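The next block holds one structure in the form of structure tokens; read it before the comments.
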Amino acid sequence: MNKPLEAVIFDLDGVITDTAEYHYLAWKALADQLGIPFSRQFNEELKGISRMDSLEKILTHGGKQARFSSEEKDQLAAKKNEHYLNLINRITPADLLPGIWKFVADINAAGVKLGIASASKNAMTVLEALGIREQFDIIVDARTICHGKPDPEIFITAAKLLEAEPSACIGIEDATAGVEAIKAAGMFAIAIGPKEQFEKADLVYNDTSELSFTEVAKRYRLKE
Ligand code: B16
Ligand code: MG
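Residue numbering for the sequence shown follows the numbering used here, beginning at 126 and increasing consecutively.
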């Protein structure tokens, strides 16, 4: 039997809202301009990965990593971010993924703490546009950490700020790198997405509409 649950720590993009699609569109536009093939399948490798690491992966994928100076890479990343900011400008509370508002409210009602662990430097803007920022006790984003997912730093930092034991926390992610980070932090991992992609997760749901706090708390409690 596990310790009493102290906190639930959410990834943002792809779990709370579908900004993952906007990241895809913005990277695809940049890759098209650079003449680099960019598929949805390749995009999966970028989920949860920081902006600069994503750019490096795209350039390497296209065999163009040595073509740009570090200033030029900064400009390419800034261009992608400008496009992304234009896309997220249209976000409203209606863009919360199905079931998320109730799931978060049920966690709050149970007296369990809530945190965000997002690799995005735009996390605060997105949470505010969704009208859900106030529901979270703490927000850790890419600006406050040194190592990106799959390093556990972001989840460990979130647990520390919440004054919770990592082993008494649940982390929720839509990215393979994110689930790896949660497990490396010593937490119970819930993945959102296809089961075959998330062998390391403790629980996998196809989409957020399946999240039920009663069920999740039960599965967490029973985990060895
Ligand atoms: P930004 P998450 C991650 O957010 C995204 O999954 C990833 O695709 C993106 O490259 C990264 O944030 C950086 O985002 O360019 O806005 O700083 O899923 O960890 O909430
Ligand atoms: Mg994500």
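Ideal placement from N, C-alpha and C gives every residue a C-beta, glycine not left out. Only a predicted model underlies this, so the values are computations on that prediction, with no experimental measurement involved.
Check                                                                                                                                                         : Outcome
Could you pull out every unbroken beta strand (DSSP E) segment of at least 3 residues lying fully inside the region 259–307, listed in chain order?           : 263–265, 294–298
According to DSSP, Lys238 sits in a beta bridge with which residue or residues?                                                                               : Ala132
Would you call His148 buried or exposed, if buried means 16 or more other Cβ atoms sit within 10 Å of its Cβ?                                                 : buried
In the DSSP assignment, what residue or residues form a beta bridge with Thr377?                                                                              : What the structure shows of the chain is the stretch from 126 to 349, and residue 377 is not part of that stretch, so it cannot be assessed.
Are the CB atoms of Ala314 and Gly296 nearer to each other than 8 Å?                                                                                          : yes
Check each candidate in Ala230, Ala242, Gly236, Asn168 and name the one with the smallest Cα separation from Ala154.                                          : Asn168
Could you pull the start and end residues of the beta strand (DSSP E) that Ala314 belongs to?                                                                 : 313–317
With DSSP as the reference, label Leu328 as helix, strand or coil.                                                                                            : strand
Give the single residue among Asn206, Asn233, Ile263 whose Cα lies nearest to the Cα of Ala284.                                                               : Ile263
Would you kindly work out how many angstroms separate the C-alpha atoms of Glu298 and Asn127, rounded to a whole number?                                      : 21 Å
Taking only the alpha-carbon atoms, compute the straight-line gap between Glu181 and Ala234 and give it to the nearest angstrom.                              : 42 Å
By DSSP, does Phe163 sit in helix, in strand, or in coil?                                                                                                     : coil
In whole angstroms, what separates the C-alpha of Leu336 from that of Glu196?                                                                                 : 43 Å
Would you say the beta carbon of Leu328 is closer than 7 Å to some non-hydrogen atom of the ligand B16?                                                       : no
Between Ala306 and Phe280, which are expected to be in contact by the criterion C-beta below 8 Å, what is the C-beta distance as a whole number of angstroms? : 6 Å
May I ask whether a heavy atom of the ligand B16 can be found less than 7 Å away from the beta carbon of Ala132?                                              : no
Would you mind reading off the limits of the alpha helix (DSSP H) that contains Asn206?                                                                       : 195–213
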